[in-house]
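Undergrad: Take a look at this one; I'll ask things after.
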Amino acid sequence: MELKNILKRTIVASIMLFTAVSIIGSGGTVSAIPYQAGNNNGTTYPAFNIFTGTPSEGDESDFFRGKEETNPGASTNVVNSACADGTRMTLRVYVHNGANPDQNQGGSGPGVAHGTKVRVQLPGGPTSSFNPAAVVSATNASTVSDNMTINCGGRNVNLSYVAGSARQFSVPGGTQGLSDSIVTTGAPIGTYSPNGDMWGCWEQRVWVTLTVVVQAPPVVQPSLGECRSTDVNAESNRRVTVNINNVFVSNATIVGYRTDYGDGTVINTQTSNHTYAADGNYTISSSVQIRFADGRTEWVTSVGCARSVTFENGQPPVVTPPTTPTPSAPLVLPNTGAGSVVAIFAGVTGLSTLAYSVVARRFS
Numbered sequence: 112m113e114l115k116n117i118l119k120r121t122i123v124a125s126i127m128l129f130t131a132v133s134i135i136g137s138g139g140t141v142s143a144i145p146y147q148a149g150n151n152n153g154t155t156y157p158a159f160n161i162f163t164g165t166p167s168e169g170d171e172s173d174f175f176r177g178k179e180e181t182n183p184g185a186s187t188n189v190v191n192s193a194c195a196d197g198t199r200m201t202l203r204v205y206v207h208n209g210a211n212p213d214q215n216q217g218g219s220g221p222g223v224a225h226g227t228k229v230r231v232q233l234p235g236g237p238t239s240s241f242n243p244a245a246v247v248s249a250t251n252a253s254t255v256s257d258n259m260t261i262n263c264g265g266r267n268v269n270l271s272y273v274a275g276s277a278r279q280f281s282v283p284g285g286t287q288g289l290s291d292s293i294v295t296t297g298a299p300i301g302t303y304s305p306n307g308d309m310w311g312c313w314e315q316r317v318w319v320t321l322t323v324v325v326q327a328p329p330v331v332q333p334s335l336g337e338c339r340s341t342d343v344n345a346e347s348n349r350r351v352t353v354n355i356n357n358v359f360v361s362n363a364t365i366v367g368y369r370t371d372y373g374d375g376t377v378i379n380t381q382t383s384n385h386t387y388a389a390d391g392n393y394t395i396s397s398s399v400q401i402r403f404a405d406g407r408t409e410w411v412t413s414v415g416c417a418r419s420v421t422f423e424n425g426q427p428p429v430v431t432p433p434t435t436p437t438p439s440a441p442l443v444l445p446n447t448g449a450g451s452v453v454a455i456f457a458g459v460t461g462l463s464t465l466a467y468s469v470v471a472r473r474f475s
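Numbering follows this note's numbering, with no gaps: position 118 of the sequence shown is 229.
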């Protein structure tokens with residue numbers, strides 16, 4: 112019987128070794144470790160979110176979840192929302208250093224993660240489905256990441272971080288504010304304060320939350336420009352004065368004027384004059400240079416900015432629209448768019464799994 116028990120313990124130990132720990136250097140990669148109530152079967156170095164089958168979180172690698180701020184239920188990996196303007200959502204990041212507590216050694220032991228940060232990457236919009244990601248990193252532990260999905264029912268919107276909304280909660284430290292750098296370079300977190308030091312043990316876990324808000328994409332006005340008409344004054348001495356005096360722009364800027372007098376003479380001012388060397392029929396075409404909202408510039412004209420002038424044998428000059436006009440619509444730039452802690456948590460080695468679940472449920 113004793114031999115049988117020895118063999119049984121050996122087999123169990125071998126299975127746990129095979130399924131639980133696969134180490135590549137200090138602070139290296141660890142495969143999933145099955146949760147066992149009352150056992151300290153963690154690592155001897157910092158490792159984030161490595162347990163499976165935990166009472167409150169399930170698989171710790173699924174650590175990034177969310178919900179609408181008004182939803183009293185648990186956070187989920189997929190949030191389906193109507194995404195009405197102003198809807199606020201709480202994104203939650205769960206962080207557990209799986210090192211055994213005897214590796215903390217008052218904060219200076221090999222199990223404490225240093226320089227620990229949480230960074231949340233918010234995708235750009237507008238779009239109807241978002242896949243934000245959360246990254247947990249430390250200077251002496253492997254980085255872990257997870258993502259979630261926010262579906263907006265086909266409505267294209269933007270998601271924006273609410274400045275000042277980031278918080279962390281831990282049993283030892285309570286609730287404390289975090290830096291807005293959580294959505295850029297990452298915000299430091301920690302067991303007792305957000306100083307980057309993350310102790311190993313279940314009681315030392317940290318929950319991070321931040322708020323994002325749904326915003327409708329801004330309405331972008333079309334960018335357009337048109338030369339609508341000009342004043343052309345012709346004199347008997349073949350002198351002509353042109354004034355480009357009727358130009359329409361919207362969400363655009365006039366940056367240049369040009370008049371082509373039809374005899375090789377081109378003058379780049381709004382008002383200009385020119386004297387022809389000989390009688391004849393000349394087509395005068397004016398145009399304006401427009402800088403559109405995207406920074407592109409174009410020369411635009413229209414029928415109203417062209418005239419035909421005729422000088423013949425000292426007779427009064429005749430100014431008419433061109434005999435063969437080429438209609439031109441205003442040039443328009445296409446509209447492409449603008450642009451939720453926990454109460455005192457039950458110790459794994461001391462309290463029951465039931466207490467574990469009840470406490471952790473408050474931060475779902």
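Built from N, CA and C at the ideal position, the CB exists for glycine as well.
Output the residue ranges of the alpha helix (DSSP H) runs that lie fully inside the region 318-343 and measure 4 residues or longer, sorted by chain position.
TA: Fully enclosed alpha helix (DSSP H) runs of 4 or longer: not present.
Undergrad: Indicate whether the contact test is met: 3 or more Cβ pairs, each with one atom in the region 191-205 and one in the region 163-183, closer than 8 Å.
TA: Yes, the region 191-205 touches the region 163-183.
Undergrad: Give the list of continuous alpha helix (DSSP H) stretches no shorter than 4 residues that lie fully inside the region 407-435.
TA: Segments of the alpha helix (DSSP H) lying fully in the region 407-435: there are none.
Undergrad: So, is Pro305 buried or exposed, given that buried needs 16 or more other C-beta atoms within 10 angstroms?
TA: Counting Cβ neighbours within 10 Å, Pro305 comes out buried, since at least 16 surround it.
Undergrad: When you compare the CB positions of Asn258 and Asn242, do they come within less than 7 Å of one another, or not?
TA: Cβ distance < 7 Å, so Asn258 and Asn242 count as in contact.
Undergrad: At the level of alpha carbons, what is the spacing between Thr412 and Ala404?
TA: Distance between the alpha carbons of Thr412 and Ala404 is about 18 Å.
Undergrad: With Gly153 as the anchor, note down where its beta strand (DSSP E) starts and where it stops.
TA: Neither: Gly153 is in no beta strand (DSSP E) and is coded neither H nor E.
Undergrad: Taking the C-alpha atoms as reference points, what is the distance between Ser271 and Gly177?
TA: In a straight line, the C-alpha of Ser271 is about 15 Å away from that of Gly177.
Undergrad: Sorted by chain position, which residues of the same chain lie with C-beta nearer than 7 Å to Glu423's C-beta, five sequence neighbours on each side aside?
TA: So the list reads Asp390, once near-sequence residues are dropped.
Undergrad: Answer with buried or exposed for Gln426, where buried requires no fewer than 16 other C-beta atoms within 10 angstroms of its C-beta.
TA: When all chains shown are included, Gln426 counts as exposed.
Undergrad: Reducing DSSP to helix, strand and coil, say where Ile300 ends up.
TA: Ile300 falls in the coil class under three-state DSSP.
Undergrad: Please state whether the Cβ-Cβ distance between Ser276 and Thr227 is less than 7 Å.
TA: No, they are not a contact pair.
Undergrad: Excluding sequence positions up to five away, which residues of its chain have a Cβ less than 6 Å from the Cβ of Ser248?
TA: Correct list, in chain order: Lys228, Thr254.
Undergrad: If we count the other Cβ atoms within 10 Å of its Cβ and call it buried at 16 or more, is Val282 buried or exposed?
TA: Buried is the call here.
Undergrad: Less than 8 Å between C-beta atoms, sequence neighbours within five positions excluded: which residues of the same chain meet that for Pro234?
TA: Here the set comprises Phe241, Asn242, Pro243, Leu270.
Undergrad: What are the boundary residues of the beta strand (DSSP E) that Arg350 is part of?
TA: Segment 350-361, the beta strand (DSSP E) holding Arg350.
Undergrad: Do you know offhand how far Thr201's Cα is from Ala185's?
TA: Whole-angstrom Cα-Cα distance: 11 Å.
Undergrad: Using DSSP with H/G/I as helix, E/B as strand and the rest coil, what is Gln346?
TA: Here the sequence assigns Glu to residue 346, which means Gln is not the residue at that position. It is coil, neither helix nor strand.
Undergrad: Could you have a look at Glu487 and say whether DSSP puts it in helix, strand or coil?
TA: There is simply no residue 487 to check, as the chain begins at 112 and stops at 475 in what is shown.
Undergrad: Answer yes or no: do Ser419 and Pro433 have a C-beta to C-beta separation smaller than 7 Å?
TA: In contact: Ser419 and Pro433 (Cβ atoms closer than 7 Å).
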